[in-house]
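Quick note on my numbering: the sequence shown kicks off at 5 and runs consecutively. Down below is the structure, laid out as structure tokens.
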Amino acid sequence: MKLFDVYPRYETELVRGEDVHVWDASGRRYLDCYGGHAVISIGHAHPRFIRRINEQLSRLPFYSNAFPNALQEEYAQALGAISGYPEHQLFLCNSGAEANENALKLASFHTGRQTVLAFTGAFHGRTSGAIAVTDNASIRAPFNTGHDVVFVPLNDSDALEKAFARHAFAAAIIEGMQGVAGIREVDAQFLALLRDRCSAQGAVLILDEVQSGFGRTGHFFAHQRAGITADIVTIAKGMGNGYPVAGVLITPSIKASHGLLGTTFGGGQLACAAALAVVEVLAEQPLQENVAEIGSWLTSRLAAIEGVREVRGSGLMIGFDAAVPAKDLRALLLYEHAVLTGGGGGAATVRLLPPLTLTKEHATELSIAVAAALQQLHAQGESV
Ligand SMILES: Cc1ncc(COP(=O)(O)O)c(C=O)c1O
């Protein structure tokens, strides 16, 4: 059997990781400023993560939701305490898209309405409901997106007011910070206005924190910088530090009933062990402070590099546009400078989503590599 070939892949195979570094089969070490797509939060092979998973693996890796699971209760308590959402209810599932599907379903169920408000540049996943609220032509194009979705330009308050005047929404769904769009910040006033209009209309406000959550922007959730509370928050990626686990945080006014949502694997014992290790480490170590400090230092270092046109983002969720094609820059960073980075957004955009444990030393190494690679490409006559 052959693999279904849907991923353009680099040649390097990664076989081991530790904290902010990964190694290939030949023993070469790389600085991981991509985090396996914003997934590695507390660092590769964190000792707490390994211990928690190993203990659970030898005890009971999985049993279904037909039986009580004390680890789920423990996780809900711990997440409530650390996230600023102690009163919300938790539904555990398996991926970011699945979390968003469940959030959209709950919003329709709760309001009895169908229309959903989404924003230009949005990415919410690749299942049919999630793809329908995604604003990315290359991802949406070949599929049936028969959902009732209204797209409004991000950060355009007038357009937002007009949309609420014209439609009765079941939900508005928005990323705490847009990721796949190439790191686009949502204005705090815009988020506050959206919160206000959703409340006035009885629409459910869904904050997709799949990429921007778990301290990545220097806040536990990116939307918390605007001082707002969401009705539903969706989480994945950094939640499991590499173990696939996701969740939906649901306001107490949406009532559960048996059979309303469900999943076979969601909240299995191993997934809970992995997720517990992450919140325990985040509760014990000041990683959010580290993210804020290193992030703002790195942002200003990058902005000062010749050939870097624009730097966006907050904490360790950073996007920058280069004066050369990003795919060439990223390949050079990988093969010659042993630094992993992400793409997304435009042809010039590089995304940085490293583990939250990145130090100033690592950030220095990264900025030196970016400057050197840009110089090399410039000398070869490259530009976008
Ligand atoms: C903001 C956001 N929402 C949802 C998703 C989809 O998550 P998954 O790939 O786990 O389905 C992603 C993935 O990149 C994302 O960035």
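Quick reminder that beta carbons are idealized off the backbone N, C-alpha and C, glycines included.
Measuring only from the beta carbon, is residue i closer than 7 Å to any heavy atom that is part of ligand 1?
i, result
"V214", "yes"
"V184", "yes"
"N245", "no"
"F225", "no"
"G133", "no"
"N140", "no"
"N104", "yes"
"A278", "no"
"G129", "yes"
"R25", "First, the amino acid is wrong: residue 25 is His here, not Arg. Not under cutoff, so the answer is no."
"H41", "yes"
"S45", "no"
"A240", "yes"
"A281", "no"
"G100", "yes"
"E78", "no"
"K284", "According to the sequence provided, residue 284 is Glu. The question's Lys does not apply to it. Every heavy atom of ligand 1 is 7 Å or more from the Cβ of E284, so no."
"E179", "yes"
By Cβ distance below 6 Å, which residues in the same chain neighbour residue i in space, the five residues on each side in sequence not counted?
i, result
"L211", "G180, H227, A234, V237"
"F225", "G180, E213, G217"
"G244", "A278, A279"
"F173", "T119, L121, A207"
"Y11", "none"
"P359", "V24, G39, I44, G47"
"A42", "Q215, K241, L357"
Cutting at 7 Å between CB atoms, please list the residues of its own chain near residue i, excluding the five before and the five after it.
i, result
"L94", "A80, L83, G251, L253"
"N106", "F95, C97, V252, L265"
"L381", "V328, D332, L333, L336"
"S30", "none"
For residue i and residue j, I'd like the C-alpha separation in whole angstroms.
i, j, result
"S304", "C276", "38 Å"
"W27", "V156", "43 Å"
"L61", "P90", "29 Å"
"L352", "A192", "Before going on, a small fix: residue 352 reads as Ala here, not Leu. Going from the Cα of A352 to the Cα of A192 covers about 26 Å."
"G348", "A111", "29 Å"
"R316", "Q215", "15 Å"
"G186", "A141", "15 Å"
"G125", "A367", "28 Å"
"V153", "A163", "15 Å"
"V249", "Q292", "21 Å"
"N58", "F127", "34 Å"
"A176", "Q379", "44 Å"
"S203", "S87", "22 Å"
"Q182", "T267", "27 Å"
"Y34", "R63", "34 Å"
"V377", "Y339", "Correcting the residue type first, residue 377 is Ala in the shown sequence and not Val. Cα to Cα, the separation comes out at about 11 Å."
"A101", "H341", "34 Å"
"E78", "L18", "33 Å"
If you drop the 5 nearest sequence neighbours on each side, which residues of the same chain put their C-beta closer than 8 Å to that of residue i?
i, result
"H50", "D23, N245, A281, V285"
"S371", "L302, R305, L306, I309"
"K109", "G133, L265"
"A196", "A230, G231, I232"
"V137", "N104, L108, V120, A122, A126, H128, H151, V153, I177"
Pull up the CB-CB distance for residue i and residue j, whole angstroms please, since I reckon it's below 8 Å.
i, j, result
"A134", "N104", "5 Å"
"I309", "T363", "That belief does not hold up - the Cβ atoms of I309 and T363 are roughly 19 Å apart, past 8 Å."
"H151", "I258", "In fact, because the Cβ distance is near 20 Å, the residues do not count as touching under 8 Å."
"F66", "L274", "6 Å"
"T221", "G319", "4 Å"
"A326", "G311", "6 Å"
"V343", "A383", "Wrong, their Cβ atoms sit about 19 Å apart, outside the cutoff."
"G219", "V295", "6 Å"
>> What ranges does the alpha helix (DSSP H) occupy inside the segment 237–321, keeping only unbroken runs of at least 4 residues that lie completely in it?
In response: Qualifying alpha helix (DSSP H) stretches, in chain order: 273–288, 291–307.
> Enumerated in chain order, which unbroken segments of the beta strand (DSSP E) with a length of 3 residues or greater are wholly contained in the segment 81–133?
Replying inline: At a cut-off of 3 residues, the continuous stretches assigned as beta strand (DSSP E) that sit fully inside the segment 81–133 are 93–97, 120–123.
>> Just to confirm the assignment: which complete beta strand (DSSP E) runs, minimum length 3, are found wholly within the segment 155–223?
In response: Runs of the beta strand (DSSP E) spanning 3 or more residues and lying entirely within the segment 155–223 occur at 175–179, 208–212, in chain order.
> In chain order, which beta strand (DSSP E) runs of at least 3 residues are fully inside the segment 348–382?
Replying inline: Counting only runs of 3 or more, we get 353–356.
>> Threshold first: 3 residues or longer. Then list the beta strand (DSSP E) segments lying entirely within the segment 6–69, N to C.
In response: Within the segment 6–69, the complete beta strand (DSSP E) segments at least 3 residues long are 18–22, 25–28, 33–36, listed from N- to C-terminus.
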